[in-house]
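Chemist:
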Amino acid sequence: TIYKGLLIVAADNPGGGWLAALNRDTGETVWLKKRPAIATYASPIVFDVGGRDQLIIAGCDQVVSYDPNTGEQIWSVDGTTEACVGTVVRYGDLVYATGGYPGQETICIDAGTGKVVWRNDKKSYVPSLLQYDGYLYVVDDSGIAICWNAETGEEQWKQRIGGNFSASPILVGKNIIAIDESGKATVFKADPQGFERVAEQQLGDEAFATPSVSANRLYLRVAQRDGDMRQEVLYCIGRPDAEVIQAE
Numbered sequence: 002t003i004y005k006g007l008l009i010v011a012a013d014n015p016g017g018g019w020l021a022a023l024n025r026d027t028g029e030t031v032w033l034k035k036r037p038a039i040a041t042y043a044s045p046i047v048f049d050v051g052g053r054d055q056l057i058i059a060g061c062d063q064v065v066s067y068d069p070n071t072g073e074q075i076w077s078v079d080g081t082t083e084a085c086v087g088t089v090v091r092y093g094d095l096v097y098a099t100g101g102y103p104g105q106e107t108i109c110i111d112a113g114t115g116k117v118v119w120r121n122d123k124k125s126y127v128p129s130l131l132q133y134d135g136y137l138y139v140v141d142d143s144g145i146a147i148c149w150n151a152e153t154g155e156e157q158w159k160q161r162i163g164g165n166f167s168a169s170p171i172l173v174g175k176n177i178i179a180i181d182e183s184g185k186a187t188v189f190k191a192d193p194q195g196f197e198r199v200a201e202q203q204l205g206d207e208a209f210a211t212p213s214v215s216a217n218r219l220y221l222r223v224a225q226r227d228g229d230m231r232q233e234v235l236y237c238i239g240r241p242d243a244e245v246i247q248a249e
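First residue of the sequence shown? That's 2 in our numbering, and the numbers climb one at a time after it.
Okay, here's the thing in C-alpha cells:
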C-alpha cells in the first residue's frame, strides 16, 4: 500500500515475516518490523481512525495497528486466526477483519482504543468484507452472502447465492457485484432489509480477480477455455456513447 512518500510491504511467511516501509523514490528501507513466522496473505491498509493514521493488518492470529510513519505498534488484538487473505475494512472508528485457516472468525475492533466490540465464528477466507452505510456485507468462499449490523454484529439476513468465490464483492451505486470462480457475476442490492437479486451475468469460464471500477466503467478480468487452451480476457462494461467521468 502507498502512504505519503512510503511504499508499505507485508511479507508474512513461515521463514520469518516482516512489515516494511520503503522510500517510494529510492527504495531505501525507512523502517522494518519483524512479525511471527507464519504464512498469511492479507494486505496492509492505512485508515485515519481513532484520531490518527493507523496501518492495520490481519493474520498470524492477531489484528495489529502500527504507526505508518515509524512502524511502532499502536495496539494488537488476538484474532481472527493464523491465515487471513482479506483486507481490513472500516466504519467510522470501527475496523473489521475476517479469516480464514485453520480457524474462522470475524472481529470488530474500536481502532481508537484497540478493544474488541464484537466477534463471531463466521468467516470469509479469501474475499474481503464490504462496508456500506453502517452495514457489513460478506460473500464467503462457499457462496453465502450475509449482512451484519456494523456496530452490533447482529445478522440482518443470510442467503446462499451459489458458486465458490475468491474475488471480493464491490459496491457500484447501491448494488453489490460478486463474481464467482466460474465467471458468474451476481448483482444484488446493498439493503439490510433483505436479499434482493438484481441480475446475473456469465462472463468467461473462470474468475479470481476482484472487479474494478474507473469513472463509469466496470473492468473484469476472467479466463475462457477452449479444450486445453486457456485465454485470459479483460472486459470493459459501460455504454460506449456515455461520457467518461474523470476523477478529480
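Ideal placement from N, C-alpha and C gives every residue a C-beta, glycine not left out.
#1: Taking only runs that begin and end inside the segment 189-247, name each unbroken beta strand (DSSP E) of 3 or more residues, in chain order.
#2: Going along the chain, which unbroken runs of the beta strand (DSSP E) with 3 or more residues stay wholly within the segment 139-176?
#3: Do you know how far the Cα of G87 is from the Cα of P193?
#4: Check whether the Cβ atoms of I39 and V89 lie closer than 8 angstroms to each other.
#5: Determine whether the beta carbon atoms of A169 and P128 lie at a separation below 8 angstroms.
#6: With H, G and I counted as helix, E and B as strand and the rest as coil, what does DSSP make of T30?
#7: Does DSSP classify K185 as helix, strand or coil?
#8: Taking A186 as the reference, which of Y67, K5, P212 and K175 has the closest Cα?
#9: So, is D181 buried or exposed, given that buried needs 16 or more other C-beta atoms within 10 angstroms?
#10: Using CA atoms only, rank isn't needed, just tell me which of V188, V173, D206 and G205 is closest to A216.
Modeler: The relevant details are as follows:
#1: 198-203, 213-215, 218-227 and 230-238
#2: 145-150, 156-161 and 171-173
#3: 22 angstroms
#4: no
#5: Contrary to the premise, residue 169 reads as Ser rather than Ala in this sequence. A contact, by the Cβ cut-off of 8 angstroms.
#6: strand
#7: strand
#8: P212
#9: buried
#10: V173
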